[in-house]
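Our numbering applies: residue 543 is where the sequence shown begins, and numbers increase by one.
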Amino acid sequence: MPFDPVRLELIKNAIGSVVDEMLLTVVRIAYSSIMKDTMDLSSAFCDRSGRMIAQGLSLPLHLGSIPDAMEAVLAEYGDAIAEGDVYILNDPYHGGMHLPDIFMFKPVFVDGTLFGYAILVAHHNDMGGRVPGSSAADSTEIFQEGLRIPVVKLYDRGKANDTMYKLLGLNVRQPEVVLGDVRAQLAACDIGERGMQDLAARYGVDELEQSFDALLDYSERGARATLRAIPDGVYRFTDYLDDDGVNFNQPVRVQVALHIEGDSLTVDFAGTSPQVEGAINSTLSFAKSAIYFVIRSIMVEDVPNNAGFFRPIKAVAEPGSLVNPLPPGACAARGVTGFRVIDALVGALAQAVPERIRAPGEGGTTSYSIAGYDRNGTYSQFREAIMGCWGAGANREGIDGVANPAANISNAPIEAVENSAPIRVERYELVTDSGGPGQWRGGMAVLRELRYLGDNARLQLRSDRRDHPPFGVKGGRAGTPSRNLFDNGPGADGNADWVDLATKFVRPIRTGQAIRHTTAGGGGYGDPFQRPPWRVLDDVYNGKVSPAAAARDYGVAVSGPPWRVDTAKTEALRCARAATAADE
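Shown next, in the form of structure tokens:
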């Protein structure tokens, strides 16, 4: 059949529509806020060989995990896969990432022959374990984190595995929510199955499978072209996590070496910390997702997210390290490590192609949950991820109040929070002077303050970037560090009694107590004294930068209101800075 690029584009978009509709199905019918509002889930289609052909909307950090999970399914059931089967798994040591993420696979058959797999991975509110939400950073082995599910059949030739449903329902704190969300995943896989069968009827299996090969090759060419545009060499960078959630004031090292040779890339994690006691250990599949995301973020071509993109990229990590742990290492809070891998990769690429990258944003999503029983024995739980900002890049401002680009999920609306749990959102705002100064300013930090109105609960929070704030690039400065403040209740003088807490913790929270979390600010790009005064004036006018910070960080004297730049004072400030730099 002659190659027709227009027809291939139609097929590519049609497959993309199917996997997008899978994800949107879950958003429409799921029970939990983490799926409906935060949208912590991803969809995909793999062909009969398990090659990922398309990924749907939502999380880039799931990009590299689906192929490894698919491989686990094929290893377990490859010769026995039947029409009507549905497979699930969540165990990090059997193809998963961390226990709250359940992978679901539904084989798609056309005229009795296996054609591919509709796949939906989603973060569930709870998987049992010692802490509600099953994501505590201070767990020290995976057995504390909840129910581990190896590759098992949820449906066998169309018949439900009632034992698995009962086992899952008995081990979680809100079975009606978790089982409802599992059924939402199942509905999405049904949508994917029907959608791909409709495409097979329209185009024919032979043409679709030829298109699969063409799409994989297309993505591979795009990845190789991107790598060829990076000068050959070895680029190294080291970044740090503040701690592992157990051993405080002990930074955890993430070290990368990018080996660029022609159109191939090897990322070597030698020098990265050994796996840690706390629950921030990351599977290698998740670390690979971080690599794929960073390379995609500097691409010019809009190629599909599929397995062809992975072909020229290799990751090497020592077994028993932070990014390739051995059982029974705890993994629940592994998300923060994936974000730090991204930042380390960005730091390395900044040495090779600084004009194509952004400085780090807030350092990754902050995850928290508040869960407990009231006096009547009724259980409530709310869980969300707090988004922050992007760092700045060449000719690009940092973006305020958006998801980290590797997460692509959203903050829950205040109304959704207050309607879902006994919580009042008292503050939700951007923070002045938090974006890293630079010729291009880093994005602003987000502050979110919540007061608990129930009886007694446990608060779990995972954050980072307090001791090691997001760095700047090309002379840009770091963003402000994150912070966690806890209100123990009115003090002797009747005022709030705010105390600092660690970046990762689990603690009780009682009626009237509150948590105030501030994300880190994004890193700046370029020398801040090269920022045009009119841009600084705009920042002051819009409350992004204070007049004092404008003079201190940018050498721009702003007075008002009405706001204006004092040209003479600005020139004096910048001349003084130039003289100091010359002396150094």
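Each residue gets a CB set at the ideal place from its N, CA and C atoms; glycine is no exception.
By the neighbour-count criterion, in which 16 or more other beta carbons inside 10 Å mark a residue as buried, V548 falls on the exposed side. 8 Å or more divides the Cβ of A799 from the Cβ of G905.
Secondary structure note for K695: its beta strand (DSSP E) is the uninterrupted segment V694 to D698.
One thing to note: V776 has its Cβ within 8 Å of the Cβ of H801. For L800, the three-state secondary structure derived from DSSP is strand.
For V842, the number of other beta carbons within 10 angstroms of its own is below 16, and it is reported as exposed. When Cβ pairs closer than 8 Å are counted between the two stretches, the region 972-987 is seen to touch the region 936-953, the count reaching three or more. Here G606 has S827, K830, S831 and Y834 as same chain residues with Cβ atoms under 6 Å from its own Cβ, once five neighbours each way along the sequence are excluded. Bridge partners of S681 according to DSSP: none are assigned. For P547, the enclosing alpha helix (DSSP H) stretches over residues P547 to I571. The beta carbon of A945 lies closer than 7 Å to those of M929, I951 and S952 in the same chain, with the five residues before and after it left out. Put simply, of V1015, N823 and F1028 the residue whose alpha carbon is nearest the alpha carbon of E897 is V1015. The beta carbon of F647 is closer than 6 Å to those of V615, Y629, Y659 and I661 in its chain, skipping five residues each way along the sequence.
The C-beta distance from F881 to A1044 rounds to 18 Å, too long to meet the 8 Å contact threshold. Around the beta carbon of P1032, a 10 Å sphere encloses fewer than 16 other beta carbons of the protein chains shown; the residue is thus reported as exposed. D627 and Y921 have their C-alpha atoms spaced approximately 34 Å apart. Our two residues, F1013 and Q797, have alpha carbons roughly 15 Å apart in a direct line. Under the three-state reduction of DSSP output, M646 falls in the strand class.
Under the 8 Å Cβ criterion, the region 682-691 counts as touching the region 631-649, having at least three qualifying pairs. Between G985 and I941, the C-beta gap is smaller than 8 Å, which places the two residues in contact. Every alpha helix (DSSP H) stretch that sits fully inside the region 1063-1093 and reaches 4 residues is listed by chain position as 1075-1083.
Residue burial annotation: G620 is exposed, with fewer than 16 other C-beta atoms found within 10 angstroms of its C-beta. Looking only at D805, F852 and A1093, the smallest Cα-Cα distance to I608 is reached by F852. The region 669-688 makes no contact with the region 732-745; the number of CB pairs closer than 8 Å stays below 3. Its chain contains G626, D627, V628 and N703 as the residues whose beta carbon lies nearer than 7 Å to that of Y697, once the 5 sequence neighbours on both sides are disregarded; these appear in chain order. For K708, the number of other beta carbons within 10 angstroms of its own is below 16, and it is reported as exposed. The straight-line gap separating the alpha-carbon atoms of V561 and H604 is approximately 14 Å.
Membership of K1016 in any alpha helix (DSSP H) is not indicated, and neither H nor E is assigned to it by DSSP. DSSP links S911 through a beta bridge to R925 and Q1002. DSSP places N1026 within a strand segment (E or B) once states are collapsed to three. Sequence-distant Cβ neighbours of D1080 in its own chain, meaning closer than 7 Å and more than five residues away, do not exist here. For D755, the three-state secondary structure derived from DSSP is helix. By the C-beta criterion, the region 994-1006 is judged to be in contact with the region 950-970, since at least 3 inter-stretch pairs fall below 8 Å. Here E843 carries a coil assignment [DSSP, helix/strand/coil].
Within the region 732-776, no run of beta strand (DSSP E) at least 3 residues long lies entirely inside it. Between the region 760-773 and the region 563-572, the count of C-beta pairs closer than 8 Å stays below three; the two stretches do not touch.
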